[in-house]
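*Asks:* Just remember that my numbering sits 235 ahead of the position in the sequence shown, which is counted from 1. Think of the CB as a built atom: it goes at the ideal place given N, C-alpha and C, for glycine as much as any other residue. My questions all concern the structure below.
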Amino acid sequence: TLLQNILSRCLRVSGFAIQSAAIANCFVEFCGDLVICTGSSMEPTITTNDILITEHLSVHANNIQRGDIVVAKCPNNPKQNICKRVVAVHGDHLIYRSFRHRIPKGHVWLEGDNKANSTDSRTYGPVPVGLIRGRAVCRV
């Protein structure tokens, strides 16, 4: 009947939509996504409204390295994302404000390239690796 045909098509379309959404979610969660950067903390490397392609495989493989630019949840405000450079990783030592800091296991030290205008690890200390959302691959 007509009603059965309509219901059958609706179910097929709904199933396809749910599968597509699940695949897209897995891609964004595990592979990568696009990020629009705001603020001047990474200038001149990255400026306001620059679009970055980020990949998440390095984060999941625990392969974040010194020098990488990453997008992370802000330690002071988890609703906000930050874009910073990894300056030190687990086991590294660095001197800041005349104190020697050792980066603990599972943490990194993040700083903006524009040191004069960046709230970063110099303010909130070592950042847990679990807050890192992705590693910047390129600017679009």
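(1) Do you know how far the Cα of Asn-297 is from the Cα of Ile-367?
(2) Under a three-way DSSP split, which group does Ile-299 fall into?
(3) Going by beta-carbon coordinates alone, are Ala-208 and Ile-281 separated by less than 9 angstroms?
(4) With a floor of 3 residues, list each beta strand (DSSP E) that falls wholly inside the region 256 to 293, ordered by position along the chain.
(5) Identify every run of the beta strand (DSSP E) within the region 332 to 359, keeping only runs that are complete inside it and at least 3 residues long; order them along the chain.
(6) Are Pro-310 and Val-362 close, meaning C-beta to C-beta below 9 angstroms?
(7) If we ignore side chains and look at the alpha-carbon of each, how far apart do Ser-255 and Ser-333 end up?
(8) Count the other CB atoms within 10 Å of the CB of Cys-318; is the residue buried (16 or more) or exposed (fewer)?
(9) Quick one: give me the first and last residue of the beta strand (DSSP E) that Lys-314 is part of.
(10) For Asp-327 versus Arg-337, is the C-beta distance shorter than 9 angstroms?
*Replies:* The structure says:
(1) In a straight line, the C-alpha of Ile-367 is about 10 angstroms away from that of Asn-297.
(2) The three-state secondary structure of Ile-299, taken from DSSP, is coil.
(3) Given that the chain is displayed from residue 236 to residue 375, the structure contains no residue 208 and the question cannot be resolved.
(4) The region 256 to 293 contains these whole beta strand (DSSP E) runs: 267 to 271, 286 to 290.
(5) 334 to 337, 342 to 346, all fully within the region 332 to 359.
(6) Cβ atoms of Pro-310 and Val-362: closer than 9 angstroms.
(7) Ser-333 has its alpha-carbon roughly 53 angstroms from the corresponding atom of Ser-255.
(8) Answer is buried; the Cβ neighbour count reaches 16.
(9) Premise fails: Lys-314 is in no beta strand (DSSP E) and is neither H nor E.
(10) With contacts defined by Cβ atoms closer than 9 angstroms, Asp-327 and Arg-337 form a contacting pair.
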